[in-house]
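One structure below.
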Amino acid sequence: TFEEHLLHLNEICTILKNARFRLNPHKCEIARTQTEYLGHQINNGEIRPSPHNINGLLNTRLPQTPDEACKFVKAAEYYRKFIPNFSQIAEPLRKFVPTTRTQQKKGQKTIITLSNEEIKAFEQLKHYLTTDLVLRLPNNKFPFKVQTDASDEGTGAVLLQIYPDGDRPIAYFS
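Here my numbering is used: the first residue of the sequence shown is 39, the next is one more, and so on.
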């Protein structure tokens with residue numbers, strides 16, 4: 039309710055004041071039903087990836103260098119909480135993510151040809167990003183449930199909240 043919003047707002051302002059933080063009123067959005075925050079669109083208790091950010095990923099061409107493959111994986115990884123089994127899907131592309139500076143420099147200019155498995159992973163991640171990726175914001179009025187799965191290839195879990203009309207995902211983990 040709006041009254042609860044005002045109470046929360048007062049509590050936040052008190053905490054910030056006590057910590058000697060200052061707010062810029064021109065950057066504050068108060069009593070909004072929708073907002074964009076860190077690449078996410080938050081509206082009516084739901085959170086989605088920002089369409090602007092997703093379009094950038096969807097327009098990514100098939101990687102031709104390890105650096106391009108790495109950038110795609112890292113950008114898609116930002117939205118991994120929306121994608122079930124993200125780690126397993128992205129695994130074929132992980133070899134292009136450098137673990138040392140030498141690997142990073144070496145991989146910038148090398149031309150690569152992706153294997154069928156790597157192309158499939160790339161396309162699968164793009165496909166997931168085209169679906170309506172929606173997570174619910176946690177609501178302490180309803181119970182939570184965790185579902186897990188494991189195999190030789192990886193582990194995964196989903197945090198769900200049990201609503202009267204069915205379970206809603208809060209986050210995916212893999």
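Glycine included, each C-beta is placed from N, C-alpha and C at the ideal position.
Can you list, in chain order, the residues of its chain whose CB lies under 8 Å from that of S153, leaving out five sequence neighbours each side?
P130
Around the C-beta of D18, are 16 or more other C-beta atoms found within 10 angstroms, so that it is buried, or is it exposed?
As shown, the chain starts at 39 and ends at 212. That puts residue 18 outside it, with no answer to give.
Measuring CB atoms only, is the stretch 90-100 touching the stretch 180-191, in the sense that at least three cross pairs come out at less than 8 Å?
Under the 8 Å Cβ criterion, the stretch 90-100 does not count as touching the stretch 180-191, having fewer than three qualifying pairs.
Per DSSP, what kind of secondary structure is L171 in: helix, strand or coil?
coil
Residue range of the beta strand (DSSP E) that V196 falls in?
G192 to Y201
I'd like to confirm the pairing. Which residues does DSSP put opposite Q79 in its beta bridges?
Answer is E74 and R86.
Could you give the residue range of the alpha helix (DSSP H) that holds T52?
F40 to N56
Which residues does DSSP pair with K183 in a beta bridge?
L198
Write down the C-beta distance between I80 and L173 rounded to the nearest angstrom, noting that I regard them as a contact closer than 8 Å.
Contact flag wrong, Cβ pair sits at about 10 Å.
Ignore the nearest five residues each way along the sequence and tell me which others in L197's own chain have a CB closer than 6 Å to its CB.
V184, I208 and A209
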